[in-house]
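Those letters in the sequence shown? Residues 24 to 449, by this note's numbering.
We treat Cβ as the ideally placed atom computed from N, Cα and C, and that holds for glycine.
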Amino acid sequence: MQRHEMIDHARLVMRDNDRGTYTVPTHGLYPFQWNWDSALSALGFSHFDEARAWQELTTLMAHQWADGMVPHIIFHRPDDGYFPGPEVWGTGHTPPTSGITQPAVAGFAVARIHARAHDKVLADEQARALLPKIHAWHQWFYRCRDPQGTGLVAVLHPWETGRDNSVDWDAAFERVPTEGVAPFTRRDTTHANPAHRPTDDQYKRYIWLVQTFRALEWDNTKLHDASPFQMVDPGFNAILIRSCHDIADLAERLGLDEIAVQSRDMARRGLDAMETLWNDRLGQFACLDRTTGDLLDSPSIGGILAAFAPIPKARAAALSQRVEVLSHSCKYLVPSHDPTSADFEGLRYWRGPIWLIVNFMIADGLEQAGETAMVPRIVGDCLALIEDSGFAEYHDPITAEPCGGAHFTWTAAMVIELLYAHGLVV
Ligand code: GLC
């Protein structure tokens with residue numbers, strides 16, 4: 024496929040999933056607006072329609088809760104093809120939203136789109152409107168998800184990380200009960216191959232957590248301490264740190280001094296604390312289970328995605344080396360779980376497959392750190408996967424088999440972003 028054809032195809036995917044003021048990740052499987060999908064998709068839009076890119080972010084932030092939380096799903100229009108729908112969440116918002124959040128990539132997206140905007144007047148105006156909201160979300164994280172002030176935030180549900188069924192959650196999930204879960208029918212397995220999706224047992228535990236938080240009326244002053252699942256994920260924290268760091272610079276330029284100072288402080292404290300997540304045995308960062316205090320030995324992509332934050336150069340170099348090691352056990356980079364691990368499953372969602380959005384963030388972080396050795400390989404593998412297998416939700420890192428949903432918005436957005444940002448099309 025010619026590069027220009029690839030762009031045309033990607034734009035078509037984005038257009039088909041465009042609902043005017045927001046995009047759906049893909050028709051059928053995910054028929055609403057998802058938080059980090061929208062932020063990353065805005066990067067794709069920005070290359071051909073800056074106003075539409077800002078609109079995507081504006082719609083997302085318009086559904087922020089009064090306490091600062093930005094929900095992971097906004098149920099703009101009813102659609103019974105997805106479970107769990109609004110009636111299961113019961114958050115009482117209009118339009119309905121879920122009650123948990125997702126990776127805080129919106130701050131990074133605003134800063135990136137602003138930096139390269141052609142329409143500077145529009146960009147300044149949009150950034151001024153969005154920054155206070157994004158900043159309130161970042162403050163919410165450190166207030167409600169780091170009540171002891173460690174510098175690192177915990178997620179209370181695997182869906183918050185965006186890496187739903189990662190091996191990282193297996194041990195902690197043993198402590199999440201299944202008793203008392205109301206009977207339900209999954210809808211995801213009617214749209215995608217069940218062998219590519221989480222198991223029924225995992226789904227019960229996902230729903231147990233939702234029911235438990237709902238019983239606490241989604242009161243974020245209570246949820247953290249009440250949750251049996253409190254996971255400190257390096258990738259999740261890295262995204263938050265990077266967004267704080269990037270909006271600090273932007274806020275300074277726009278004369279929003281308080282946001283700048285506070286954001287810089289959050290980023291610095293987060294970066295200092297990230298060191299406690301370094302796992303020397305794995306040669307990468309790893310998750311910390313806050314309920315037990317254990318640093319996990321799980322070699323997942325979460326610990327490599329840490330490269331997205333402005334971590335010390337030696338750590339970035341080590342992560343680049345780790346990616347190089349992974350390249351020996353798969354054909355395409357970067358697998359979401361180490362293929363040499365017994366838990367690796369090449370087709371099953373976040374237990375092995377490649378996700379272009381994660382590749383993009385790893386490549387961007389390594390580039391910012393000046394550790395560029397693996398960057399062309401990561402970018403090249405993304406494009407090869409699309410050429411071989413189309414705009415799938417995720418791909419098998421050994422066979423390139425397309426998995427999950429097809430015709431996927433953020434996959435398309437990443438292709439556009441990677442091609443333009445790496446100067447591969449003009
Ligand atoms: C899945 C993914 C999550 C994504 C959502 C919509 O739940 O694991 O990261 O945001 O689908 O694409």
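* alpha helix (DSSP H) segment containing Glu-410, residue limits -> 398-412
* Are the stretch 213-229 and the stretch 94-103 in contact at 8 Å, needing three or more beta carbon pairs? -> no
* Asked: When DSSP builds the beta bridges, which residues end up paired with Leu-311?
  -> Val-255, Leu-318
* **Segment limits, alpha helix (DSSP H) that includes Glu-110** => 109-112
* To do: Could you check the C-alpha separation between Cys-426 and Leu-246 for me, to the nearest Å?
  => 34 Å
* Asked: Out of Ile-324, Phe-431, Phe-414, Trp-373, which has the shortest C-alpha to C-alpha gap to Met-384?
  -> Ile-324
* Paired residues, beta bridge with Tyr-105 - DSSP -> Per DSSP, none; premise fails for Tyr-105.
* **Residue closest to Phe-71, alpha-carbon to alpha-carbon, out of Gly-51, Pro-109, Ile-30** => Ile-30
* Asked: Can we say the stretch 348-367 touches the stretch 320-336, given the rule of at least three CB pairs closer than 8 Å?
  -> yes
* Across which residues does DSSP place Thr-49 in a beta bridge pair? -> Tyr-53
* Buried versus exposed call for Gly-446 [16 or more other C-beta atoms within 10 Å across all chains shown] -> exposed
* Relative to the ligand GLC, is the shortest distance from any of its heavy atoms to the C-beta of Gln-125 smaller than 7 Å? -> yes
* Identify the continuous alpha helix (DSSP H) that holds Arg-209 and give its terminal residues. => Unbroken run through Arg-209: none, as it is neither H nor E.
* With a 10 Å radius around its C-beta and 16 neighbouring C-beta atoms as the bar for buried, classify Leu-35 as buried or exposed. => exposed
* Closest residue to Pro-206 among Gln-234, Thr-184, Val-199 (Cα-Cα distance) -> Gln-234
* Say the cut is 7 Å; is the CB of Pro-48 nearer than that to a heavy atom of the ligand GLC? -> yes
* Mapping DSSP to helix, strand and coil, what is Thr-120? -> strand
* Kindly examine the ligand GLC and report whether one of its heavy atoms sits closer than 7 Å to the Cβ of Asp-480. => This structure cannot settle anything about residue 480, because the visible part of the chain is limited to 24 through 449.
* When the Cα atoms are used, what is the spatial distance from Gln-87 to His-351? -> 43 Å
* Asked: If you compare alpha carbons, which of Ala-159, His-116, Ser-412, Arg-313 is closest to Ala-249?
  -> Arg-313
* Local conformation of His-445 per DSSP, three classes -> coil
* **C-alpha distance - Thr-208 paired with His-214, whole-angstrom precision** => 13 Å
* Asked: So is the beta-carbon of Gly-258 under 7 Å away from any non-hydrogen atom of the ligand GLC?
  -> no
* His-158 and Ile-282: beta carbons closer than 8 Å? -> yes
* To do: Can you tell me which of the three DSSP states Asp-169 falls into?
  => coil
* List the residues that DSSP assigns as beta-bridge partners of Tyr-417. => Cys-426
* List the DSSP bridge partners of Asp-41. => Thr-46
* **beta-carbon Tyr-53 near the ligand GLC non-hydrogen atom, thresh 7 Å** => yes
* Would you kindly report the start and end of the unbroken alpha helix (DSSP H) that includes Thr-201? => Unbroken run through Thr-201: none, as it is neither H nor E.
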